[in-house]
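*Asks:*
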Amino acid sequence: MKLLQVQNLNKEYYKGDKSVIGVLSDINFSVKKGECFVIIGPNGSGKTTLLKIIGLLELPTSGQIFYDKKDLIKISRKKKVEYRRKFSFVKQKPVVRNTTVFNNIAYGLKVRGIKFDDYQKSVDEIIKFIGLKGMEKQNARSLSGGEMQRVAIAMNFIINPEIYLLDEVSANLDSMNLKLLDEFIMKIKQDKEKTIIISTHDPLEAIKYADRIAVLNNGQIAQIGTPNEIFTAPKDEFTALFVGYENILYGIAELDKATGLSKIKVNDLIITASSQQEGDVKVCIRPESIGIVKGPPKNTSYRNTFKGIVENIRELGNICHLIVKCKSEKFLITITELSRKNLGLEIGSQVFINFKATDITILSS
Amino acid sequence: MANEIIEGILEAIRLIFTFDPEVWGIIEVSFRVSLTSTFLAALVALPIGSFIGLRKFKGKRGVTNLINTFMGFPPVVMGLIVYLLLSRNGPFGTLGLLYSTTAMIVAQFLLAVPIITGTAKAAIESVDPALKETVLSLGANERQLWWELIKHSKKSIIAGFLVAFGQAISEVGAVMIVGGNIRWETRTFTTSIVLQTRMGEFGMAIALGVILITIAFIVNYGLTRLQTGAD
Chain A
317 MKLLQVQNLN
327 KEYYKGDKSV
337 IGVLSDINFS
347 VKKGECFVII
357 GPNGSGKTTL
367 LKIIGLLELP
377 TSGQIFYDKK
387 DLIKISRKKK
397 VEYRRKFSFV
407 KQKPVVRNTT
417 VFNNIAYGLK
427 VRGIKFDDYQ
437 KSVDEIIKFI
447 GLKGMEKQNA
457 RSLSGGEMQR
467 VAIAMNFIIN
477 PEIYLLDEVS
487 ANLDSMNLKL
497 LDEFIMKIKQ
507 DKEKTIIIST
517 HDPLEAIKYA
527 DRIAVLNNGQ
537 IAQIGTPNEI
547 FTAPKDEFTA
557 LFVGYENILY
567 GIAELDKATG
577 LSKIKVNDLI
587 ITASSQQEGD
597 VKVCIRPESI
607 GIVKGPPKNT
617 SYRNTFKGIV
627 ENIRELGNIC
637 HLIVKCKSEK
647 FLITITELSR
657 KNLGLEIGSQ
667 VFINFKATDI
677 TILSS
Chain B
65 MANEIIEGIL
75 EAIRLIFTFD
85 PEVWGIIEVS
95 FRVSLTSTFL
105 AALVALPIGS
115 FIGLRKFKGK
125 RGVTNLINTF
135 MGFPPVVMGL
145 IVYLLLSRNG
155 PFGTLGLLYS
165 TTAMIVAQFL
175 LAVPIITGTA
185 KAAIESVDPA
195 LKETVLSLGA
205 NERQLWWELI
215 KHSKKSIIAG
225 FLVAFGQAIS
235 EVGAVMIVGG
245 NIRWETRTFT
255 TSIVLQTRMG
265 EFGMAIALGV
275 ILITIAFIVN
285 YGLTRLQTGA
295 D
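Just so you know, the protein sequences line up as chains A and B, in that order. Each residue of the first sequence is one higher than the one before, starting from 317 at the first, in the working numbering. Each residue of the second sequence is one higher than the one before, starting from 65 at the first, in the working numbering.
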């Protein structure tokens, strides 16, 4: 079910001399309930503006945003507050009010008319969770940068909204706060009633959280798709260069106690990985880590060898991309143009691909 | 002349330290008029100024220009306007308010409203937009946002109030015209100094001048404290 639909959204700013700067142009996408939608793009591509418009903090120049089929741009000021309360917006740089840690975290609940007695317990709990117990009465502005970030995270997550908007939140976090944020996001992801929209410039973060990814370049959406589609089949050069290349497969991991390796079942393939994981996982293999040969490889130390057919070839100057289909799965492989010629690979060639168990990154999903 | 000045200073010291009833009467009238007018002006100007600062609307630039113009409105002209309004043949002549402290409060009120409106508007607008966004995104409605912004700009708002008060208490033209400088009734620091100087009664003039400067000093000290960030 489409929860949020963005249609023909444009945003322009007028400079002092009346010239126009386009920030977003013709943005179209929809987000389903329970989905984690990641907007990826470099700095200055318009991610923050897009998130602010969705969060009703800024007006677009034209276009619509539908929430449950209701156009949020046209509604009254009062209605806007009501809909804004369905969102939380975690900013890249934390901003706290000039008051205590407790009051900062409780603020979102207080403005919703919740009584002190009803929120006191949950605020205390979240303060304990973020490790700031004993600092409730301190002014949040006197905290260290890292502590302030934790307050900002807590005050946005405690309001339990329908949609979480996270704007480049991991960009300035130290490793401890990154872990904390990860715990929060993973918890929300499990709740199928909650929707997340993340903006980031980090492809790995996108792979980690995204059900779907939109690539934003210079105010325009270059491509929308699953992480797998984006990384293996980028539609244009920008997307390809920006996200890098990655093979992402979805599977179920089982730990082999005897060898200490994980066996991951990806449809009809079994992939062996050296990192130890169990349950639903994403398997990431960089295309340059995959070797390709024409005949069955002998005496190889590679744990993973699959027979496949070259489905597509993209020539990119000195190197080329091969799409090789092995049973149900497609792999993206980069080799030099020279070795492709030496191997005599054409579309339809039968090949064997192989990669090491140690070259596989596993992300739990 | 030198003699007159020394005599004047001695007389001033005597007047201040013997708590001369006329001096105290003048202090009382000055403070009552200036504080009342500034306070009433704040009641009107704070909501208007902060509302203009909070909202974006068509014609905001025009309104801003208007406020800025009125912030520098010549007090004597304001005195004249209020005089015409309150004089016997004026539209409010039947109220019989001319030459009363009420008339003075009205004139100073009209002078203070644009000052407090302008400073409140500027104060609200100078709050970090990121804070505004955060407060909104946490679910605040307009009234709750307004209150947050007031809290975060309270220093500048108090500064605006002090500026308006400082102007009111040292203003002479308007209160002279509408108050009439009636002894024991509508005589203030400034109108009294004008009169006493004319009559060569330097003692009273110097005494009142010293008190007025002291008040100005206290107000400015308060302003500096606010601006240097002491809470």
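All residues carry an ideal CB built from backbone N, CA and C; glycine is no exception.
Please name the residue or residues paired with arginine 602 of chain A in a DSSP beta bridge.
*Replies:* Residue mapping note: residue 602 of chain A aligns to position 286 of the first sequence, counting from 1. For arginine 602 of chain A, which the question treats as bridged, DSSP gives no partner whatsoever.
*Asks:* Give the interface partners of glycine 203 of chain B over in chain A, defined as CB-CB distance under 8 Å, in chain order.
*Replies:* Taking the first residue of the second sequence as position 1, residue 203 of chain B is located at position 139. Residues of chain A passing the Cβ test: Val397, Arg400, Arg401, Gly424, Val427, Arg428 and Ile475.
*Asks:* With DSSP as the reference, please indicate the residues paired to serine 298 of chain A in a beta bridge.
*Replies:* The first residue shown for chain A is 317 and the last is 681, placing residue 298 of chain A beyond what the model contains.
*Asks:* Could you check if threonine 511 of chain A is buried or exposed, using at least 16 other CB atoms within 10 Å of its CB as the buried criterion?
*Replies:* Locating residue 511 of chain A in the first sequence gives position 195, counting from the first residue. Looking at its Cβ environment, which holds 16 or more other Cβ atoms inside 10 Å, threonine 511 of chain A is buried.
*Asks:* Buried or exposed: tryptophan 88 of chain B, going by 16 or more other Cβ atoms within 10 Å of its Cβ?
*Replies:* Working through the second sequence from its first residue, we reach residue 88 of chain B at position 24. Exposed.
*Asks:* Would you give the residue range spanned by the beta strand (DSSP E) that valine 347 of chain A belongs to?
*Replies:* What you label residue 347 of chain A is simply residue 31 of the first sequence in a count that begins at 1. According to the DSSP assignment, valine 347 of chain A belongs to the beta strand (DSSP E) that extends over 336–348.
*Asks:* For valine 411 of chain A, would you say it is in contact with chain D, using Cβ-to-Cβ distances shorter than 8 Å as the test?
*Replies:* Reference to chain D is not applicable here, since the protein chains of this structure are A and B.
*Asks:* Have a look at isoleucine 513 of chain A and threonine 102 of chain B and give me their C-alpha separation to the nearest angstrom.
*Replies:* For the purposes of this step, residue 513 of chain A is identified with residue 197 of the first sequence, where counting begins at 1. For the purposes of this step, residue 102 of chain B is identified with residue 38 of the second sequence, where counting begins at 1. Using only the alpha carbons, I get a separation of about 50 Å.
*Asks:* Give the interface partners of alanine 194 of chain B over in chain A, defined as CB-CB distance under 9 Å, in chain order.
*Replies:* Residue mapping note: residue 194 of chain B aligns to position 130 of the second sequence, counting from 1. By Cβ distance, chain A contributes Lys407, Lys409 and Val411.
*Asks:* CA-CA distance, threonine 296 of chain B and tyrosine 163 of chain B?
*Replies:* The displayed coordinates of chain B run from 65 to 295. Any statement about residue 296 of chain B would go beyond what the structure contains.
*Asks:* Can you confirm whether glutamine 208 of chain B, when its beta carbon is compared against all beta carbons of chain A, has any partner nearer than 8 Å?
*Replies:* On the second sequence, position 144 is the one that residue 208 of chain B refers to. So yes, glutamine 208 of chain B belongs to the interface.
*Asks:* Excluding five sequence neighbours on each side, which residues of the same chain lie with their C-beta closer than 6 Å to the C-beta of glycine 267 of chain B?
*Replies:* Along the second sequence, read from residue 1 onward, the residue named residue 267 of chain B stands at position 203. Result list for glycine 267 of chain B: Gly72, Glu75 and Ala76, in chain order.
*Asks:* Shortest alpha-carbon distance to glycine 237 of chain B belongs to which of B:Val108, B:Val146 and B:Gly123?
*Replies:* Taking the second sequence and counting its residues from 1, the one referred to as residue 237 of chain B is at position 173. Here the closest residue by C-alpha is B:Val146.
*Asks:* Is DSSP giving isoleucine 676 of chain A helix, strand or coil here?
*Replies:* As a working note, residue 676 of chain A is residue 360 in the first sequence. The answer is strand: DSSP assigns isoleucine 676 of chain A an E or B state.
*Asks:* What does the alpha-carbon distance come out to for the pair isoleucine 504 of chain A and lysine 646 of chain A?
*Replies:* Counted from its first residue, the first sequence places residue 504 of chain A at position 188. Counted from its first residue, the first sequence places residue 646 of chain A at position 330. One C-alpha to the other measures close to 31 Å.
*Asks:* What does the alpha-carbon distance come out to for the pair leucine 367 of chain A and aspartate 483 of chain A?
*Replies:* Within the first sequence, residue 367 of chain A is the residue found at index 51, counting from 1. Within the first sequence, residue 483 of chain A is the residue found at index 167, counting from 1. Between the alpha carbons of leucine 367 of chain A and aspartate 483 of chain A lies a gap of roughly 7 Å.
*Asks:* Could you tell me which uninterrupted alpha helix (DSSP H) segments, each at least 4 residues in length, are contained entirely in the stretch 212–293 of chain B, listed from first to last along the chain?
*Replies:* 218–234, 237–243, 253–263 and 266–291
*Asks:* Along chain A, in chain order, which residues have C-beta atoms closer than 8 Å to that of glutamate 212 of chain B?
*Replies:* Residue 212 of chain B sits at position 148 when you count from the first residue of the second sequence. Chain A residues near glutamate 212 of chain B: Arg413.
*Asks:* Could you tell me the boundaries of the beta strand (DSSP E) in which glutamate 521 of chain A lies?
*Replies:* Locating residue 521 of chain A in the first sequence gives position 205, where the first residue counts as 1. No beta strand (DSSP E) contains glutamate 521 of chain A, which is instead part of the alpha helix (DSSP H) from 519–525.
*Asks:* I want to see whether chain B comes within less than 8 Å of methionine 471 of chain A, judged by CB atoms only; does it?
*Replies:* Along the first sequence, one-based indexing puts residue 471 of chain A at 155. True, the Cβ-Cβ gap to chain B drops below 8 Å.
*Asks:* Report the partner residues of phenylalanine 382 of chain A according to the DSSP bridge assignment.
*Replies:* Walking along the first sequence from the start, residue 382 of chain A turns up at place 66. In DSSP, phenylalanine 382 of chain A forms a bridge with A:Gln321 and A:Asp387.
*Asks:* Following the continuous alpha helix (DSSP H) through leucine 99 of chain B, name the residue where it begins and the one where it ends.
*Replies:* Counting from 1 along the second sequence, the entry for residue 99 of chain B is found at position 35. Where leucine 99 of chain B is concerned, the enclosing alpha helix (DSSP H) stretches over 85–118.
*Asks:* What residues from the stretch 637–663 of chain A come within 8 Å of chain B, judged by C-beta to C-beta, listed N to C?
*Replies:* none
*Asks:* Keeping to the same chain, check which residues put their C-beta closer than 8 Å to that of methionine 240 of chain B; ignore five residues upstream and five downstream.
*Replies:* The residue you call residue 240 of chain B lines up with position 176 of the second sequence. Excluding sequence neighbours, methionine 240 of chain B sits near Gly143, Thr254, Thr255 and Val258.
*Asks:* Quick one: what's got a C-beta closer than 7 Å to leucine 149 of chain B's C-beta in the same chain, skipping five residues either side?
*Replies:* As a first step, residue 149 of chain B is located in the second sequence; it is residue number 85 there, counting from the start. So the list reads Pro155 and Phe156, once near-sequence residues are dropped.
*Asks:* For aspartate 490 of chain A, which residues in the same chain have their Cβ closer than 7 Å to its Cβ, ignoring the five residues on either side in sequence?
*Replies:* Counting from 1 along the first sequence, the entry for residue 490 of chain A is found at position 174. Excluding residues within five positions, the ones whose Cβ falls inside 7 Å are Gly462.
*Asks:* I believe valine 599 of chain A touches isoleucine 587 of chain A by the beta-carbon criterion, under 8 Å. Please report the beta-carbon distance rounded to the nearest angstrom.
*Replies:* One-based indexing of the first sequence puts residue 599 of chain A at position 283. One-based indexing of the first sequence puts residue 587 of chain A at position 271. Contact flag correct, Cβ pair sits at about 6 Å.
*Asks:* Between alanine 294 of chain B and arginine 457 of chain A, what straight-line distance do the alpha-carbon atoms span, to the nearest angstrom?
*Replies:* Taking the second sequence and counting its residues from 1, the one referred to as residue 294 of chain B is at position 230. Taking the first sequence and counting its residues from 1, the one referred to as residue 457 of chain A is at position 141. At alanine 294 of chain B, the pLDDT of 48 sits below 50, so the modelled position is not reliable; the number obtained from the coordinates is stated separately. Our two residues, alanine 294 of chain B and arginine 457 of chain A, have alpha carbons roughly 16 Å apart in a direct line.
*Asks:* Tell me, please, whether the stretch 376–390 of chain A touches the stretch 547–559 of chain A by the rule of three or more beta-carbon pairs shorter than 8 Å.
*Replies:* With the cut-off at 8 Å, the stretch 376–390 of chain A and the stretch 547–559 of chain A do not touch.
*Asks:* What residues from chain B crowd round serine 404 of chain A, counting only those whose CB sits closer than 8 Å?
*Replies:* Along the first sequence, one-based indexing puts residue 404 of chain A at 88. Result: Ser201 and Leu202.
*Asks:* Let me make sure I understand the geometry here. Which of A:Met317, A:Leu577 and A:Ser341 has the alpha-carbon closest to that of leucine 532 of chain A?
*Replies:* Residue mapping note: residue 532 of chain A aligns to position 216 of the first sequence, counting from 1. Out of A:Met317, A:Leu577 and A:Ser341, the CA that lies nearest to the CA of leucine 532 of chain A is found in A:Ser341.
*Asks:* Under three-state DSSP, which class holds aspartate 295 of chain B?
*Replies:* What you label residue 295 of chain B is simply residue 231 of the second sequence in a count that begins at 1. Note on aspartate 295 of chain B: pLDDT 47, under 50, position unreliable in the model; the coordinate value appears next. The answer is coil: DSSP assigns aspartate 295 of chain B none of H, G, I, E or B.
*Asks:* Within 8 Å (strictly less), CB to CB, does threonine 292 of chain B reach chain A?
*Replies:* Along the second sequence, read from residue 1 onward, the residue named residue 292 of chain B stands at position 228. So no, threonine 292 of chain B is outside the interface.
*Asks:* Whose C-alpha, out of B:Trp248, B:Ala176, B:Ile214 and B:Lys219, is nearest the C-alpha of glycine 230 of chain B?
*Replies:* Reading the second sequence from its first residue, position 166 is the one you call residue 230 of chain B. Ranking B:Trp248, B:Ala176, B:Ile214 and B:Lys219 by Cα distance to glycine 230 of chain B puts B:Ala176 first.
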